[in-house]
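Here my numbering is used: position 125 in the sequence shown is 131, and no number is missing along the way.
A short write-up of the structure that comes next.
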Amino acid sequence: MSSGAASGTGRGRPRGGGPGPGDPPPSETHKLVVVGGGGVGKSALTIQFIQSYFVSDYDPTIEDSYTKICTVDGVPARLDILDTAGQEEFGAMREQYMRAGHGFLLVFAINDRQSFNEVGKLFTQILRVKDRDDFPIVLVGNKADLETQRQVPRSEASAFSASHHMAYFEASAKLRLNVDEAFEQLVRAVR
């Protein structure tokens with residue numbers, strides 16, 4: 007992502023400003039949804055992407071929305087990003103936001119086997135709600151900075167993503183590794 011303005015409606019989280027002078031107006035709008043199990047770093051990835059800031063405290067999200075105006079491959083775009091609840095008790099909300107999303111960042115933590123198992127269920131649910139065999143989805147193995155605690159082999163996650171025709175990134179919100187790249191790839195997949 008090159009230029010951009012950002013804003014968030016998260017609970018008490020810092021907000022960005024509007025577009026800067028001289029920034030071209032966005033020519034497209036994409037609704038992106040960040041999904042995954044609890045504690046995998048969905049909010050940390052989203053806030054790192056929007057505000058270039060790492061949130062180290064875990065505060066379970068119910069639902070937060072953010073907007074970022076940026077340029078992907080030379081095309082200005084407005085990204086409306088929904089950061090969703092990972093906790094199962096909010097599962098009833100999932101189908102509602104799945105219906106609205108144009109593309110999904112499907113997140114698990116490389117140090118949490120259960121979160122990777124959850125990815126398969128979420129993938130199936132997205133396709134069922136969208137009533138499609140294929141949909142713009144990018145798989146993200148977050149917490150790549152915790153390599154010594156890895157429970158999900160890179161080869162296994164890569165095989166899953168390849169078999170479902172989606173890009174795969176190993177990312178670290180903490181180190182800002184592959185954060186922009188994952189969101190940019192999702193924008194490309196949605197286009």
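Just so you know, even glycine gets a beta-carbon here, dropped at the ideal spot from N, CA and C.
Tell me the DSSP secondary structure of residue 179 in three-state form.
coil
Beta-carbon spacing of residue 87, residue 152 below 8 Å
Against a cut-off of 8 Å, the Cβ pair of residue 152 and residue 87 comes out as no contact.
Distance CB(residue 66)-CB(residue 31) smaller than 8 Å
no
Reducing DSSP to helix, strand and coil, say where residue 174 ends up.
strand
What number of angstroms, rounded off, separates the C-alpha of residue 194 from the C-alpha of residue 154?
Approximately 32 Å between the Cα atoms of the pair.
3 or more residues per run - each beta strand (DSSP E) lying fully within the region 82-166
Unbroken beta strand (DSSP E) stretches of 3 residues or longer found wholly inside the region 82-166: 109-115 and 143-148, given in chain order.
So which of 167, 131, 57 and 118 has the shortest CA-CA distance to residue 179?
57
Under three-state DSSP, which class holds residue 62?
Three-state result, residue 62: coil.
Go ahead and label residue 116 buried or exposed: buried means 16 or more other beta carbons lie within 10 angstroms of its beta carbon, across all protein chains shown.
buried
If the criterion is Cβ atoms closer than 8 Å, does the pair residue 177 and residue 188 meet it?
yes
Which of helix, strand or coil DSSP assigns to residue 8:
Residue confidence is low: residue 8 scores 39 on pLDDT, short of 50, so the model does not pin down where it sits. No coordinate-derived value is stated.
Would you tell me roughly how many angstroms separate the C-alpha atoms of residue 196 and residue 59, rounded to the nearest one?
About 26 Å.
Exposed unless 16 or more other CB atoms sit within 10 angstroms - verdict on residue 79:
Exposed, because fewer than 16 other Cβ atoms sit within 10 Å of the Cβ of residue 79.
Backbone CA spacing between residue 70 and residue 41 [nearest angstrom]:
12 Å
According to DSSP, what are the bridge partners of residue 70?
89
For residue 40, which three-state DSSP category applies?
strand
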